[in-house]
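Notes for the one structure printed next.
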Amino acid sequence: MVDTSQNQPVQNLLQTKLYKPVIRKDLIARPRLFALLDLGLERPFTMISAPAGYGKTTLVGSWLKSQSFPSLWISLDSNDNDLRLFLGYFIKAVQSQYPASLRHTQMMIGGPNLPAPEIIGDSLIDELNEIDGEFILVLDDLHLLHDPKIYDLLSLLVRFPPQGLHLVLITRRDPPLPLGKLRAGGLLIEIRGQELRFSKDETETFINQFADEPITAETLDELMNQTEGWATGLRLTALTMRYDVQTDQGNVGSKQLNRYVIDYLMNEVLERVPPEIETFLIKTAILDKLCGPLCDAIVQMDGDSGHAQTYLEWLEASNLFTVALDEQRQWFRYHHLFGKFLVNRMQLKLSTDEINSLHSLASKWLAGQAMLEDALHHALAAQDTQSAVWLIAQHRHHLLNTEQRATLEHWLQMLPPGTVNAHPELLLAEAWIAELGRNDSRTIRELINRAQTLIDGQPASSDGRIEQLQGEIDTLRGLEKSFAADDPPAVIALTRRSLATMPKDWYLARSEAWLHLAVARQMAGDLTQAYETLAISANEDVTLGSQPRVRNIAGAGFVQWIAGDLTGVLQTARQVILASETADLYESLCWAHYFTASVRYQRNELDSAERHARQVLELRYACHPISVVQCTAILALVHQARGQPDKAQAVVEQTFDFLRETQSDALLSILRAFSAELAAMRGDFTSAAHWATTIGPQMPLRIMSFHFAPQLTAAKVLIRTGASYDLTLAAACIDRVERFVTATHNTWFTIDALALRALERAAAGSTAAALQALEQAVTLAQPNGLVRVFADLGPPIAPLLEKLARQGVDSSFIRHSLLPAIDHNAYRTSPPAVAPQPQSPLIEPLTSREMEVLELLTERLSAKEIAARLVISDRTVKRHTANIYLK
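Just add 4 to the spot in the sequence shown (first one is 1) and you have this note's numbering.
Put into structure tokens, the structure is as follows:
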């Protein structure tokens with residue numbers, strides 16, 4: 005029996021790929037090569053590079069047995085040509101020995117937005133350096149990988165080697181790594197075909213294990229002449245001697261062992277095995293890894309089922325190029341040359357339909373064991389796209405539930421072109437990826453419209469599939485209308501209908517429906533029903549309870565924020581942090597840190613706000629990009645409140661780069677709005693006012709459920725300029741927002757709008773109206789201790805607060821909390837008479853790297869020359885150049 009007790013509902017990383025090769029008992033000791041490998045332990049990097057059949061894997065596997073250092077192994081294959089998947093195996097291997105290691109890097113690759121290799125490399129190297137002690141990591145069959153991003157990462161590892169890591173690469177050809185620099189720096193030990201060839205003594209010892217009598221000197225010389233010490237050639241000779249009774253030592257070398265007759269010799273060996281074994285070998289040639297039950301599932305010989313494990317053990321015992329992958333001898337693989345020979349033989353003996361049938365049987369068995377990545381590969385190899393679609397459709401919601409959207413996206417990319425557009429389940433999977441990873445409303449709308457067209461053309465199904473898919477579409481449409489915040493009854497109708505039809509195990513989809521149903525009820529003015537909705541959704545979590553579920557809990561935070569219940573937001577955040585950390589649900593964890601940072605900032609607890617906002621920015625590649633933008637605003641405001649405008653601007657620049665890198669362009673407008681607000685705070689009124697008068701008044705009045713709302717930025721900027729025209733425009737902006745937040749029962753932004761109204765009225769000379777608006781704002785803010793909503797308006801709000809305090813309105817709160825928080829040195833309140841430096845007209849300023857590229861462009865350097873000068877890729881130069889022109 006194959007042990008599948010460790011299998012998860014969806015198993016993407018196969019444990020068998022991390023097994024070290026099992027070493028055969030007939031192994032020949034090779035101390036001269038062991039000495040070379042030992043020398044490699046004094047270097048960070050060892051490379052064994054030689055063609056197939058030179059015994060590379062066997063050599064390293066046997067050498068590891070002699071080492072006291074911990075050693076790890078990854079068997080690579082052509083399906084690993086994906087940086088995220090490669091890193092998944094890298095991390096899984098290291099964590100098998102050091103379970104607490106590489107957590108940050110693991111988080112980075114598990115998120116919806118994969119960082120650039122250099123960013124991942126920095127994290128990986130830092131975390132590898134934290135491991136106490138030395139260890140060996142072997143990457144076998146590296147030549148099967150061709151993804152440039154993987155080699156970009158490996159280049160960083162070998163150029164800046166972690167102190168305890170000894171990296172061993174086994175390959176048939178030299179990889180695209182900086183080998184010349186490594187040789188020059190003495191960082192590399194190389195073992196090549198010349199060193200791997202069997203010596204005369206090693207050849208004699210090896211052949212004598214198989215011969216009935218000791219090999220003669222003449223035969224030995226002939227063998228050395230013909231095989232040149234090539235390990236596979238020697239093994240083929242030995243097998244020929246064993247199976248061919250007509251072969252004697254006098255004609256062993258007469259067959260001219262070279263690459264052109266290997267197939268001939270393998271045929272001779274294969275023809276001498278029992279017929280059932282030959283059939284078994286040919287049918288299992290499609291498999292990269294073999295185990296008894298899997299082979300039984302695809303071979304299906306009449307009256308001879310259930311014998312696959314026996315066959316595998318016989319093949320290994322007979323030295324027939326079969327390698328055990330684990331000590332229990334449950335999993336095996338064929339030697340690569342032998343496997344290639346078997347594939348060629350299979351293609352000669354079996355029709356295309358027969359081969360496709362074998363792949364289909366393998367796919368079905370692997371899917372039953374939750375080995376879905378391999379199952380997908382075999383389904384596609386069988387040209388059975390429908391089965392591949394079915395596999396993804398069956399498991400897409402599990403991946404969404406467990407925040408594995410990156411895996412789902414990878415699976416969708418494996419499908420033939422045009423497949424996604426033909427299947428509503430796949431279109432909806434793409435829609436969720438766009439919604440949760442990029443907040444791309446236009447793409448989402450196009451995808452759900454296509455899905456709607458497809459299901460409209462299908463009759464109702466007996467299994468409820470069409471109704472369930474309609475419920476999913478209703479959820480996504482409900483989200484769209486919820487964000488528009490213009491029709492709460494429609495959102496309520498859509499989400500209630502979707503919850504009635506979607507299965508309970510579509511957890512993420514249902515949690516989104518529950519959240520937006522609650523928000524719609526809150527916007528409609530029924531906060532009690534909103535909280536009741538959240539309680540029902542949380543109870544659904546408890547009744548299902550098969551895995552950590554936090555999204556429904558987290559949803560309460562948005563409703564509480566809109567309602568101005570900051571104490572409730574903090575309680576929700578604590579619950580989510582506790583549940584998310586133990587389950588590695590990084591996206592939910594980021595939302596919890598965002599909630600905490602928001603509350604702590606508004607209560608003027610700047611150190612705590614900074615700590616939680618930084619947590620989100622450090623986890624930014626695992627977060628929803630909205631939480632990244634919001635925490636960027638919070639952290640920048642913390643720096644601004646401390647009188648550190650340069651630090652505030654640096655945080656914003658970093659997030660502009662992040663949004664472009666992750667193709668989250670839909671959020672750039674929000675960050676540009678915040679940049680305008682920040683520019684006004686530091687006295688850059690030229691660029692801020694340009695944004696406020698041209699773009700700001702046109703910002704759509706969408707749902708205002710986050711810490712920063714761009715709809716208020718124009719008013720904040722225009723009031724600071726003080727011009728009469730600007731005040732008129734500011735008043736119009738505030739009127740617009742006030743009507744909206746009143747209609748949507750948004751307590752939090754009602755406070756913000758009232759505080760702004762007070763400033764606008766005071767600037768217009770209407771002190772009484774200003775104090776009336778400010779009193780309402782302070783009265784609403786005091787129970788939750790909201791401070792920064794006033795303090796961030798700067799010194800102009802202070803005289804109004806002092807007047808209000810003298811009138812006895814919440815005087816203790818004003819004198820002890822609000823007035824001390826206003827730093828008169830942190831904000832510029834009017835345009836400087838003479839600017840000491842010309843202000844940048846760019847709301848989105850050039851980053852330091854873009855400035856470097858711009859300087860080199862003025863030297864008329866090409867992209868390749870700039871890339872070489874800055875040690876970055878051509879593609880990165882082109883991205884920076886495009887950003888410069890856009891800005």
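We treat Cβ as the ideally placed atom computed from N, Cα and C, and that holds for glycine.
**Request:** Using alpha carbons as the reference points, say which of Tyr58, Thr20, Ala54, Val64 lies closest to Pro35.
**Result:** Walking along the sequence shown from the start, residue 35 turns up at place 31. The residue with the shortest Cα to Cα distance from Pro35 is Val64.
**Request:** Answer with buried or exposed for Pro48, where buried requires no fewer than 16 other C-beta atoms within 10 angstroms of its C-beta.
**Result:** The residue you call residue 48 lines up with position 44 of the sequence shown. It counts as buried.
**Asked** If you run the structure through DSSP and keep just helix, strand and coil, what is Ala328?
**Response** Here residue 328 corresponds to residue number 324 of the sequence shown, with the count starting at 1. In the structure shown, Ala328 sits in a strand (DSSP, three-state: E or B).
**Message:** Tell me the residue span of the alpha helix (DSSP H) that contains Tyr338.
**Reply:** By one-based count along the sequence shown, residue 338 stands at place 334. Not the alpha helix (DSSP H): Tyr338 falls in the beta strand (DSSP E), residues 335-338.
**As assigned by DSSP and simplified to three states, the class of Met3** = The question about residue 3 has no answer here: the residues shown for the chain are numbered 5 through 891.
**Item:** Spatial neighbours of Ala637 in its chain, beta-carbon cut-off 6 angstroms, leaving aside the 5 residues before and after
**Value:** Mapped onto the sequence shown, residue 637 falls at position 633. Within the same chain, Ala637 has close Cβ partners Phe678, Phe712.
**Asked** For the stretch 138-173, which segments carrying the alpha helix (DSSP H) assignment without a break, of at least 4 residues, lie completely within its bounds, in sequence order?
**Response** Listed in chain order, the complete alpha helix (DSSP H) runs (minimum 4 residues) inside the stretch 138-173 are 152-163.
**Prompt:** What are the complete alpha helix (DSSP H) segments, minimum 4 residues, inside the stretch 170-240?
**Reply:** 183-188, 197-200, 204-212, 221-231
**Item:** Whole-angstrom distance between Tyr58 and Asp225, CA atom to CA atom
**Value:** As a first step, residue 225 is located in the sequence shown; it is residue number 221 there, counting from the start. As a first step, residue 58 is located in the sequence shown; it is residue number 54 there, counting from the start. Going by the C-alpha atoms only, they are around 19 angstroms apart.
**Asked** Between the beta-carbon of Leu593 and the beta-carbon of Ser602, is there less than 7 angstroms?
**Response** As a working mapping, residue 593 is identified with position 589 in the sequence shown. As a working mapping, residue 602 is identified with position 598 in the sequence shown. In this structure, Ser602 does not lie closer than 7 angstroms to Leu593 by Cβ.
**Request:** Just the C-alpha distance for Pro279 and Phe345, rounded to the nearest angstrom, thanks.
**Result:** Translated into positions along the sequence shown, residue 279 becomes position 275. Translated into positions along the sequence shown, residue 345 becomes position 341. Cα-Cα distance, rounded: 17 angstroms.
**Message:** Taking 6 angstroms as the limit between beta carbons, can you name the residues of its chain near Gly125, skipping five residues before and five after?
**Reply:** The residue given as residue 125 occupies position 121 in the sequence shown. So the qualifying residues of the chain are Leu157, Leu160.
**Prompt:** Does the Cβ of Leu582 have 16 or more other Cβ atoms within 10 Å, making it buried, or fewer, making it exposed?
**Reply:** The residue given as residue 582 occupies position 578 in the sequence shown. So Leu582 counts as exposed.
**Request:** Out of Tyr605, Glu657, Leu784, point me to the one whose CA is closest to Ala825's CA.
**Result:** Taking the first residue of the sequence shown as 1, we reach residue 825 at position 821. Ala825 has its Cα closest to that of Tyr605, out of Tyr605, Glu657, Leu784.
**Prompt:** What is the rounded straight-line gap between the Cα of Thr751 and the Cα of Ile566?
**Reply:** To locate residue 751, count along the sequence shown from 1; it is residue 747. To locate residue 566, count along the sequence shown from 1; it is residue 562. Distance between Thr751 and Ile566, taken at the CA atoms: about 6 angstroms.
**Request:** Answer yes if the stretch 753-772 comes into contact with the stretch 509-520, meaning at least three C-beta pairs across the two stretches below 8 angstroms, and no otherwise.
**Result:** no
**Item:** Minimum length 3: unbroken beta strand (DSSP E) runs contained in the stretch 371-437
**Value:** Scanning the stretch 371-437 for uninterrupted beta strand (DSSP E) segments of 3 residues or longer gives nothing; none is fully contained.
**Item:** Of the residues Arg187, His402, Gly237, the one placed nearest Phe210, counting alpha carbons only
**Value:** Position 206 of the sequence shown, counting from 1, holds the residue named residue 210. Nearest option by C-alpha distance: Gly237.
**Request:** In the DSSP assignment, find the alpha helix (DSSP H) that holds Leu582 and state where it starts and stops.
**Result:** Here the question's residue 582 lines up with position 578 in the sequence shown. Per DSSP, Leu582 belongs to the alpha helix (DSSP H) from 570-587.
**Prompt:** If we count the other Cβ atoms within 10 Å of its Cβ and call it buried at 16 or more, is Ser391 buried or exposed?
**Reply:** Sequence index remark: in the sequence shown, residue 391 carries index 387 (1-based). Buried.
**Asked** Under three-state DSSP, which class holds Ser79?
**Response** In the sequence shown, counting from the first residue as 1, residue 79 sits at position 75. Residue state, collapsed to three classes: strand.
**Asked** Exposed or buried, Ser709, counting other C-beta atoms within 10 Å across all chains shown (16 or more means buried)?
**Response** Residue numbering aside, residue 709 sits at position 705 when the sequence shown is read from its first letter. Buried, since its Cβ has 16 or more Cβ neighbours within 10 Å.
**Prompt:** Distance, Cα to Cα, Ser816 vs Arg607?
**Reply:** Stepping through the sequence shown from its first residue, residue 816 is reached at position 812. Stepping through the sequence shown from its first residue, residue 607 is reached at position 603. Using only the alpha carbons, I get a separation of about 15 angstroms.
**Prompt:** alpha helix (DSSP H) containing Ile52: first to last residue?
**Reply:** Along the sequence shown, one-based indexing puts residue 52 at 48. From DSSP, Ile52 is part of no alpha helix (DSSP H) but of the beta strand (DSSP E) over 49-53.
**Message:** Are the CB atoms of Thr175 and His150 within a distance shorter than 7 angstroms?
**Reply:** Taking the first residue of the sequence shown as position 1, residue 150 is located at position 146. Taking the first residue of the sequence shown as position 1, residue 175 is located at position 171. Result no, Cβ atoms of His150 and Thr175 do not sit closer than 7 angstroms.
**Prompt:** How do the stretch 364-372 and the stretch 381-399 stand: do at least 3 beta-carbon pairs fall below 8 angstroms, yes or no?
**Reply:** yes
**Item:** Straight-line gap, Gly568 to Leu790 (C-alpha atoms, nearest Å)
**Value:** The residue you call residue 568 lines up with position 564 of the sequence shown. The residue you call residue 790 lines up with position 786 of the sequence shown. Roughly 9 angstroms between the two C-alpha positions.
**Message:** Less than 6 angstroms between C-beta atoms, sequence neighbours within five positions excluded: which residues of the same chain meet that for Thr50?
**Reply:** Within the sequence shown, the letter at position 46 stands for residue 50. Hits under 6 angstroms: Gly44, Val172, Ile193.
**Prompt:** Between Val632 and Leu641, which are expected to be in contact by the criterion C-beta below 8 angstroms, what is the C-beta distance as a whole number of angstroms?
**Reply:** Reading the sequence shown from its first residue, position 628 is the one you call residue 632. Reading the sequence shown from its first residue, position 637 is the one you call residue 641. About 15 angstroms separates the beta carbon of Val632 from that of Leu641, a gap too long to meet the 8 angstroms contact definition.
**Item:** Opposing strand residues paired with Cys295 [DSSP bridges]
**Value:** Stepping through the sequence shown from its first residue, residue 295 is reached at position 291. Answer by DSSP bridge pairing, in chain order: Trp335.
**Request:** Let me know the secondary structure DSSP gives Ser322 once reduced to three states.
**Result:** Here the question's residue 322 lines up with position 318 in the sequence shown. Coil at Ser322, not helix or strand.
**Residues of its chain near Thr499, where Cβ-Cβ distance is below 6 angstroms and the 5 sequence neighbours each way are ignored** = Looking up residue 499 in the sequence shown gives position 495. Cβ within range, chain order: Gly482, Ala517, His520, Leu521.
**When Thr748, Leu671, Ala97, Glu742 are compared against Thr659, the one with the closest alpha-carbon** = As a position in the sequence shown, residue 659 is number 655, starting the count at 1. Here the closest residue by C-alpha is Leu671.
**Test item: CB-CB of Ile738 and Glu764 under 7 angstroms** = As a first step, residue 738 is located in the sequence shown; it is residue number 734 there, counting from the start. As a first step, residue 764 is located in the sequence shown; it is residue number 760 there, counting from the start. Yes; because the gap between Cβ atoms is below 7 angstroms, this pair is in contact.
**Request:** Go through its chain and collect everything with a Cβ distance to Glu331's Cβ below 7 angstroms, but skip five positions before and after it.
**Result:** Taking the first residue of the sequence shown as position 1, residue 331 is located at position 327. These residues qualify, in order along the chain: Val26.
**Message:** So Ser100 and Ile135 are supposed to be a Cβ contact under 8 angstroms. How far apart are they, rounded?
**Reply:** Here residue 100 refers to the residue found at position 96 when the sequence shown is read from its first residue. Here residue 135 refers to the residue found at position 131 when the sequence shown is read from its first residue. Their Cβ separation, rounded to whole angstroms, is 13 angstroms, which puts Ser100 and Ile135 out of contact at 8 angstroms.
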